Structures are given as structure tokens and as C-alpha cells.
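Asker: The structure that follows is given in the form of C-alpha cells.
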Amino acid sequence: MADVKDITPDLNRLESQLDGLEDALEPLLGGLEQQASQLPLLDKAKLFSLTAYAIESLLFSSLRLQGTDAQNHAVFTELKRVQQYFAKIKAIEEPEAQRTMAVNQEAAARILKADLSDNKALASKLAEKIAEERAKALLKSVEGKKRPAEDAAPTAGEGAEQQASKKTKKTHKNGKDKKKSKSKR
1 MADVKDITPD LNRLESQLDG LEDALEPLLG GLEQQASQLP LLDKAKLFSL TAYAIESLLF
61 SSLRLQGTDA QNHAVFTELK RVQQYFAKIK AIEEPEAQRT MAVNQEAAAR ILKADLSDNK
121 ALASKLAEKI AEERAKALLK SVEGKKRPAE DAAPTAGEGA EQQASKKTKK THKNGKDKKK
181 SKSKR
């Protein structure tokens, strides 16, 4: 019996701390509704969430002190629920940043076209929309004095032979121009 430590001073200290906690929580819990009525909506949500979290964490600590498996108790699920409220309040306070990534519209159109190839009605509507978008792009390019998309890049139907013939035509034309400039000298 001499080896057992006397825990009476620890119990007395715990009791005085609990009395201090009760005194500290009394103004908050006694007039919570009156205090909340004077606050803006977001601050009211914070107040209620923090109060609920304080009470639930005290219950959780009490269960742990009693030796109960608090992780599997209903108090633990309530703590998680209140933490979700904190996350919602934080999301409202700090709005999400603007999106910086752009959608690759061509890739999306290819995916949709491949997925909708079985459904003829949807595939035809998609083809109409694509044609409309191409027409709009062509109008914009003409208005902006830019070259049309047909001249800018080869289409999927153009083969390597057609591109090669275009290049040789350009070089022949350039070669003739050089000969003319030499003869003029």
C-alpha cells in the first residue's frame, strides 16, 4: 500500500478546474440566445459551432477519462459533424479562387463525338453545334483580318503528298523569282 501514490491532490485540482470551467461557461450558455441575436449571421454560425464544439469536446474528454472507447461513441460523430460546420464556415469566409485552367474544347468535342456515335440524333446535333462554332470562328477570323483556319493549318483530310506539292510549288515560284532577279543585273 505504500507504493500507491495518493491522488487526492490531483482530484482536488481537477475539481477546482471543473468549477472554474463551469463559471467560465455560465455566461456563454446562460445567455447564448441573447448574445447570438445581436450578431451578424456568419458570426452567429461561428458562435453556435464553437459552443457546440466546446461542449462535445468536453464530453469526449470525460468519456476518455472514464475509460470508455470514445472513438466509437456518438459524441465522436458529433465532433466530426461540428468540424464539417467549421469547414463550411471557412469556405464561406474565403471564397474559392477563380479557375485558371481552360477547357480544351477540341478534346471535349472528340470525346463527345466518340461517345455519342451510337446515338444518331445526338450525333447530328453535336455535328450542327460544331459546324456553328466553326462558322463563328471563321467570321471572327475574317473580321479580324486574320487568315482563315483552312490556310493556317492542314486539315485532317490533307495528306503528306498534298502538303509536299504545295511546298514544291512555293520553292519553284521562289526559284523563278531568283532567276529573274539575276537576269536583271
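Residue numbering for the sequence shown follows UniProt numbering, starting at 1 and increasing by one per position. A virtual CB, placed ideally from N, CA and C, is assigned to each residue, including glycine. All figures in this text were calculated on a predicted structure; none of them were measured in a lab.
#1: In whole angstroms, what separates the C-alpha of E128 from that of A102?
#2: Can you round the beta-carbon distance between F60 and L79 to whole angstroms, since I take them to be within the 8 Å contact cut?
#3: If contact is defined by three or more beta carbon pairs under 8 Å, each pair taking one atom from either stretch, is the segment 74-93 in contact with the segment 52-59?
#4: Pick helix, strand or coil for E33, following the three-state DSSP scheme.
#5: Start and end of the alpha helix (DSSP H) containing D115?
#6: Quick check on V82: does DSSP put it in helix, strand or coil?
#7: Specify, as a first and last residue, the run of the alpha helix (DSSP H) that L42 falls within.
#8: Just to confirm, are T8 and L32 a CB contact at a threshold of 8 Å?
#9: For R134, which of D115, L39 and E106 has the nearest alpha-carbon?
#10: Where Q66 and N104 are concerned, what is the direct C-alpha to C-alpha distance, given to the nearest angstrom?
#11: What residue range is occupied by the uninterrupted alpha helix (DSSP H) comprising K136?
#12: Short of 6 Å in beta carbon distance, which residues of its chain neighbour R64, apart from the five on each side in sequence? Order them along the chain.
Answerer: Based on what the coordinates show:
#1: 23 Å
#2: 6 Å
#3: yes
#4: helix
#5: Q105 to D115
#6: helix
#7: L41 to Q66
#8: no
#9: E106
#10: 59 Å
#11: K120 to E143
#12: A70
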